[in-house]
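K.L.:
In full-length UniProt numbering, the protein residues as written are 1 to 116.
1. I'd like the list of long-range same chain contacts for residue 59, defined as Cβ closer than 8 angstroms, with 5 residues on each side in sequence excluded.
2. Run through DSSP, which three-state label would residue 67 get?
3. How would you call residue 61, buried or exposed, if buried means at least 16 neighbouring beta carbons within 10 angstroms?
4. Identify the residues that DSSP records as bridge partners of residue 109: which are they?
5. Comparing C-alpha positions only, which one of 32, 16, 78, 93 sits nearest to residue 44?
6. Kindly give me the distance between the Cβ atoms of residue 106 and residue 9, rounded to whole angstroms, as I take these residues to be in contact under 8 angstroms.
7. Using a Cβ-Cβ cutoff of less than 7 angstroms, which residues in the same chain neighbour residue 88 once the five nearest sequence positions on both sides are dropped?
8. From the DSSP output, in three-state form, read off residue 36 for me.
9. Tell me where the beta strand (DSSP E) around residue 28 begins and ends.
10. Would you kindly report the start and end of the unbroken beta strand (DSSP E) that includes residue 173?
Given below as structure tokens:
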């Protein structure tokens, strides 16, 4: 399978444990919300959907981290997720983690890896 990359943002747009960048991806023929964040120097991407119910995580656009800047938090339920794996750490996510996206950082750009 050939891989294609889609530009999401510039690397400088993501501060460590700071504001994330929202975008959409096609899933099952429709556009769905997604986001990228930087945590401990690495970039991670996820579908913007709580593991408990299909609600977007960010409490304000791009605000995914809790006050401690150690966890991603669902604005509706307070479920906590590990930023580097999307794994559910507590709250109402009932063990269901975030669904990851393949993202890469290349030459000062954050890219979404897409299959063709």
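Here a beta-carbon is modelled for each residue, glycine too, at the ideal position from N, C-alpha and C.
P.N.:
Let me lay it out:
1. Reading the chain shown from its first residue, position 59 is the one you call residue 59. Hits under 8 angstroms: 73, 75.
2. Taking the chain shown and counting its residues from 1, one reaches residue 67 at position 67. In the structure shown, residue 67 falls within a coil segment according to DSSP collapsed to helix, strand and coil.
3. Translated into the one-based positions of the chain shown, residue 61 becomes position 61. Answer is exposed; the Cβ neighbour count stays below 16.
4. As a first step, residue 109 must be located in the chain shown, where it is residue number 109. Paired residue(s): 10, 106.
5. Taking the chain shown and counting its residues from 1, the one referred to as residue 44 is at position 44. The candidate whose alpha carbon is nearest that of residue 44 is 16.
6. Numbered from its first residue, the chain shown carries residue 106 at position 106. Numbered from its first residue, the chain shown carries residue 9 at position 9. Rounded to the nearest angstrom, the Cβ distance from residue 106 to residue 9 is 13 angstroms, too far for a contact under 8 angstroms.
7. For the purposes of this step, residue 88 is identified with residue 88 of the chain shown, where counting begins at 1. Same-chain partners within the cutoff: 51, 79, 81, 95, 96, 97.
8. As a position in the chain shown, residue 36 is number 36, starting the count at 1. Annotated three-state conformation of residue 36 is strand, per DSSP.
9. The residue given as residue 28 occupies position 28 in the chain shown. From DSSP, residue 28 is part of no beta strand (DSSP E); its letter is neither H nor E.
10. Nothing can be reported for residue 173, as the shown portion of the chain is limited to 1 through 116.
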